[in-house]
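Have a look at the structure below, then the notes.
Residue numbers (our numbering): 149 to 496.
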């Protein structure tokens with residue numbers, strides 16, 4: 149009887165191994181599904197806000213606006229297109245152009261930012277940026293750009309961020325504008341968001357504002373994590389105040405005198421003063437979901453790991469499972485020995 153009891157124990161051992169393996173696979177796949185479903189349910193944390201117009205200022209509708217900045221009661225605007233690119237100072241009361249500098253027709257001007265009491269202007273594909281005297285708009289220097297130039301902004305601490313139309317922002321050295329020192333990937337609902345364009349960095353909020361090319365929206369970004377805190381939808385303002393000639397939204401300037409934002413776009417009829425202050429709770433939620441986003445990012449890797457392990461173990465597992473199933477089914481179909489044999493076995 150001891151011999152037969154040993155054999156039964158082996159069967160139970162094989163069954164336990166098989167059961168544990170199946171439990172491992174099930175838990176892995178169920179973990180992936182539950183992680184993804186949990187992430188999906190928690191990922192819709194970006195609040196969409198429809199700003200209200202506080203003030204309207206006439207805008208030169210022939211201006212192909214590429215960048216906007218504000219300082220000491222004046223708007224500074226960069227316009228693009230080859231042969232039409234310029235840098236101008238705009239009267240904040242009338243919207244009239246007070247001063248203008250035209251670029252060579254070989255340059256396509258892009259975003260601008262104010263830094264160290266100078267204006268920095270990017271170009272699109274010419275791999276060069278220009279530095280101007282803020283009062284006279286005289287060109288006082290230039291620097292090289294690695295790749296395309298789209299948007300630029302300067303933070304209160306002096307950090308300068310650039311966009312190139314991708315889902316990443318580049319930080320450049322204030323002392324050497326040609327030197328990139330860091331990159332930041334921007335996430336909207338846990339996924340990288342592409343086509344980042346005009347940038348603005350209000351000193352008092354610590355956030356980065358960017359419009360999304362080809363869309364009537366601006367997003368507020370946490371520079372510490374890259375997560376989008378809030379989205380501002382300008383589609384209703386466009387429908388109410390603009391015409392069919394108006395193109396993409398593409399101008400963001402923070403009015404530090406009023407703690408509000410001036411917004412315009414390519415060939416728009418007006419500048420609009422709006423409140424785009426991001427709610428701090430939204431940014432906090434974005435930060436707290438870091439673990440959630442990490443799970444969502446790595447769940448496909450977990451699935452891949454399970455598949456690789458399964459493929460690796462498959463050649464070795466077939467003989468084992470074959471032996472287990474053979475013994476199980478053989479045991480189920482095997483006839484019990486006659487009573488005399490049982491007695492003989494018990495005597496042994």
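Every residue gets a Cβ at the ideal spot worked out from N, C-alpha and C, and that includes glycine.
Residue i and residue j: beta carbons closer than 7 Å?
i, j, result
"residue 424", "residue 380", "yes"
"residue 224", "residue 237", "yes"
"residue 279", "residue 266", "yes"
"residue 291", "residue 325", "yes"
"residue 201", "residue 419", "no"
"residue 195", "residue 378", "yes"
"residue 228", "residue 212", "yes"
"residue 426", "residue 339", "no"
"residue 322", "residue 306", "yes"
Under 8 Å by Cβ, that's how I've got residue i and residue j pegged, so tell me the actual separation to the nearest angstrom.
i, j, result
"residue 233", "residue 308", "About 21 Å separates the two Cβ atoms, so there is no contact after all."
"residue 389", "residue 417", "7 Å"
"residue 369", "residue 334", "6 Å"
"residue 235", "residue 285", "6 Å"
"residue 393", "residue 226", "Contact flag wrong, Cβ pair sits at about 20 Å."
Given this structure, state the Cα-to-Cα distance separating residue i from residue j, to the nearest angstrom.
i, j, result
"residue 199", "residue 257", "28 Å"
"residue 193", "residue 337", "7 Å"
"residue 348", "residue 299", "8 Å"
"residue 220", "residue 402", "11 Å"
"residue 259", "residue 384", "25 Å"
"residue 197", "residue 207", "24 Å"
"residue 312", "residue 243", "29 Å"
"residue 358", "residue 342", "11 Å"
"residue 304", "residue 407", "15 Å"
"residue 346", "residue 241", "23 Å"
"residue 412", "residue 404", "17 Å"
"residue 273", "residue 245", "27 Å"
"residue 239", "residue 410", "13 Å"
"residue 422", "residue 310", "24 Å"
"residue 330", "residue 319", "5 Å"
"residue 222", "residue 295", "30 Å"
"residue 332", "residue 361", "18 Å"
"residue 517", "residue 268", "The first residue shown for the chain is 149 and the last is 496, placing residue 517 beyond what the model contains."
"residue 283", "residue 250", "15 Å"
"residue 372", "residue 314", "18 Å"
"residue 327", "residue 386", "38 Å"
"residue 281", "residue 248", "12 Å"
"residue 391", "residue 230", "24 Å"
Assign residue i to one of two classes, buried (16 or more other C-beta atoms within 10 Å of its C-beta) or exposed (fewer than that).
i, result
"residue 288", "exposed"
"residue 264", "exposed"
"residue 215", "buried"
"residue 507", "There is no way to answer for residue 507, as the model of the chain reaches only from 149 to 496."
"residue 302", "buried"
"residue 270", "buried"
"residue 252", "exposed"
Return yes when the C-beta of residue i is under 6 Å from any heavy atom of the ligand COA, and no when it is not.
i, result
"residue 336", "As far as ligands go, the structure on display features none, and thus does not contain the ligand COA."
The stretch 361–370 touching the stretch 396–412, judged by at least three CB pairs closer than 8 Å: yes
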